[in-house]
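Chemist: All residue numbers for the sequence shown refer to our numbering, where the first residue is 609 and numbers rise by one. Below: one structure in structure tokens.
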Amino acid sequence: MLSDDAQPLGPGSLTWECFGDVRGLLLVGRAGILQNMHPAIGAGVNEHSDYFNNPWNRLLRSMAPILGVVYDGPSAPDTGAQVRDFHKEIKGVDQNGQRYHALQPDVYYWAHATFFQSQIEMRRLFGTPLTEAEQEQLYAESVQWYAQYGLSMRPVPPDYAAFKRYWEETVASLQLTEPVRWSLEPARRHDIGPPYPEVPGWLWWLLRPVVMGGSMWLAAGTMPPAARQTLGLSWSDRDERRLRLLARVTRAVHRLLPHDWRYLPRARKGWKRVRREGAGSRVTPRREVPVAAR
Numbered sequence: 609m610l611s612d613d614a615q616p617l618g619p620g621s622l623t624w625e626c627f628g629d630v631r632g633l634l635l636v637g638r639a640g641i642l643q644n645m646h647p648a649i650g651a652g653v654n655e656h657s658d659y660f661n662n663p664w665n666r667l668l669r670s671m672a673p674i675l676g677v678v679y680d681g682p683s684a685p686d687t688g689a690q691v692r693d694f695h696k697e698i699k700g701v702d703q704n705g706q707r708y709h710a711l712q713p714d715v716y717y718w719a720h721a722t723f724f725q726s727q728i729e730m731r732r733l734f735g736t737p738l739t740e741a742e743q744e745q746l747y748a749e750s751v752q753w754y755a756q757y758g759l760s761m762r763p764v765p766p767d768y769a770a771f772k773r774y775w776e777e778t779v780a781s782l783q784l785t786e787p788v789r790w791s792l793e794p795a796r797r798h799d800i801g802p803p804y805p806e807v808p809g810w811l812w813w814l815l816r817p818v819v820m821g822g823s824m825w826l827a828a829g830t831m832p833p834a835a836r837q838t839l840g841l842s843w844s845d846r847d848e849r850r851l852r853l854l855a856r857v858t859r860a861v862h863r864l865l866p867h868d869w870r871y872l873p874r875a876r877k878g879w880k881r882v883r884r885e886g887a888g889s890r891v892t893p894r895r896e897v898p899v900a901a902r
């Protein structure tokens, strides 16, 4: 039974505003690589998934239920338990000879931490950056969100300042694992099929260089510097200018989108549900205010 302070997040939260934002897709590659650089997660992916045959599957299969832990309202604890139980049988020995289990608190929390921190990075790069107070609020909400999984809260830093120290220390300790090495090999990108079987082969042949090359380029540009160094990825001044241009275009386009188009399907479903329940305009997220206008 969850305590009162661990009830599901609702539409008044910053997490509802940020986590299901379509701009988060620009950071999916970053989050996936950071997760796979953890020795236990990398070993789990290596030994217990079809990642090497279909790297899209892990992402597409897990994205909707993880969003549901935030946006499913009263059902969020059940969704959290479902996501947790997906990992029950994932265990083994990692590349350092250490035994692991996917539900070890330190392992599971690292994956959650990448989702939380990606929201801050998404707003910093592709939206209106969150203030320090907003980041602290978002962190407190991330603890409430993590509680929906029903796991030990032992590895959860007590506050946002402690989380930032945890983040830096963990990023510095990440390693090149087999799934990460595989994903960094340019030749592999020619072997990867489309994310959805409905995509015609000829269309994927045209899109693959852009999708695969672009996703790795974005991952390199948005990666924490310490992780980028571990990965041996280069990033030039020209790359940085291109990323800033992409960010400006993304911000401009996002401002033009209708509310529901700004959210991924599971998040959109949550917004529609609360509107049906009569909350009306009170649950519409705030329009981002440019920093200069604050």
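Cβ coordinates follow ideal geometry from the N, Cα and C atoms, glycine included.
Roughly how many angstroms separate the alpha carbons of Gly829 and Asn665, rounded to a whole number?
Modeler: Each residue's Cα considered, the two are about 24 Å apart.
Chemist: What residue does the alpha helix (DSSP H) around Lys877 start on, and which one ends it?
Modeler: Segment 873 to 884, the alpha helix (DSSP H) holding Lys877.
Chemist: Can you tell which of Val715, Glu749, Glu777 has its C-alpha closest to the C-alpha of Pro763?
Modeler: Here the closest residue by C-alpha is Val715.
Chemist: Where do the ends of the beta strand (DSSP E) carrying Gly700 lie?
Modeler: Run containing Gly700: 699 to 701, per the beta strand (DSSP E) assignment.
Chemist: Just to check my reading of the structure: Ala855 and Phe734 have Cβ atoms closer than 8 Å, yes? What is that Cβ distance to the nearest angstrom?
Modeler: Right, the Cβ-Cβ distance comes to about 5 Å (below 8 Å), so this counts as a contact.
Chemist: Measuring CB atoms only, is the segment 765 to 776 touching the segment 807 to 822, in the sense that at least three cross pairs come out at less than 8 Å?
Modeler: Short answer: they don't touch.
Chemist: Which of the three DSSP states, helix, strand or coil, is assigned to Arg692?
Modeler: Helix, per DSSP.
Chemist: Measure the CB-CB distance between Ala672 and Gln756 and report whether it falls below 8 Å.
Modeler: Going by C-beta atoms, Ala672 is not nearer than 8 Å to Gln756.
Chemist: So Pro802 and Ser760 are supposed to be a Cβ contact under 8 Å. How far apart are they, rounded?
Modeler: Not quite, the Cβ-Cβ distance comes to about 39 Å (not below 8 Å), so this is no contact.
Chemist: Give the range of the beta strand (DSSP E) segment to which Tyr708 is assigned.
Modeler: 707 to 709 is the span of the beta strand (DSSP E), which, as asked, contains Tyr708.
Chemist: Check whether the Cβ atoms of Thr623 and Leu811 sit closer than 8 Å, and answer yes or no.
Modeler: No, the pair does not count as a contact, with Cβ atoms beyond the cut-off.
Chemist: Name the residue from Ile649, Val678, Val818 whose alpha carbon lies nearest to the alpha carbon of Gly618.
Modeler: Looking at the Cα atoms, Val678 is the closest of the given residues.
Chemist: In this structure, does DSSP put Asp767 in helix, strand or coil?
Modeler: In this structure, Asp767 counts as coil in the three-state DSSP scheme.
Chemist: Excluding five sequence neighbours on each side, which residues of the same chain lie with their C-beta closer than 8 Å to the C-beta of Arg881?
Modeler: These residues qualify, in order along the chain: Gly681.
Chemist: Could you round the C-beta distance between Ser726 and Ala780 to whole angstroms and report it? I think they count as a contact, below 8 Å.
Modeler: Actually they do not touch by this definition, with Cβ atoms about 18 Å apart.
Chemist: Just the Cα atoms here: how many angstroms apart are Gly888 and Trp879?
Modeler: Per-residue confidence for Gly888 stands at a pLDDT of 48, beneath the threshold of 50, marking its modelled position as unreliable; the derived number appears in the next sentence. About 10 Å.
Chemist: From Arg732 to Asn661, what does the alpha carbon distance come to, in whole angstroms?
Modeler: Cα to Cα, the separation comes out at about 34 Å.
Chemist: Of the choices Ala875, Arg883, Cys626, Leu635, whose alpha-carbon is the least far from that of Ser750?
Modeler: Per the Cα distances, Cys626.
Chemist: Which residues share a DSSP beta bridge with Asp629?
Modeler: Answer is Tyr871.
Chemist: Short of 6 Å in beta carbon distance, which residues of its chain neighbour Ser657, apart from the five on each side in sequence? Order them along the chain.
Modeler: For Ser657, where only same-chain residues beyond five positions count, the Cβ hits under 6 Å are Arg666.
Chemist: Do you know offhand how far Tyr708's Cα is from Val701's?
Modeler: Rounded to the nearest angstrom, the two C-alpha atoms are 6 Å apart.
Chemist: Quick check: the Cα distance between Asp686 and Ser844, rounded to an integer number of angstroms?
Modeler: Approximately 45 Å between the Cα atoms of the pair.
Chemist: With Pro833 as the anchor, note down where its alpha helix (DSSP H) starts and where it stops.
Modeler: Element bounds for Pro833: 833 to 839.
Chemist: Please report the straight-line C-alpha distance between Ser839 and Leu784, rounded to a whole angstrom.
Modeler: Inspection of the sequence shows that residue 839 is occupied by Leu rather than by Ser. So the two alpha carbons sit approximately 7 Å from each other.
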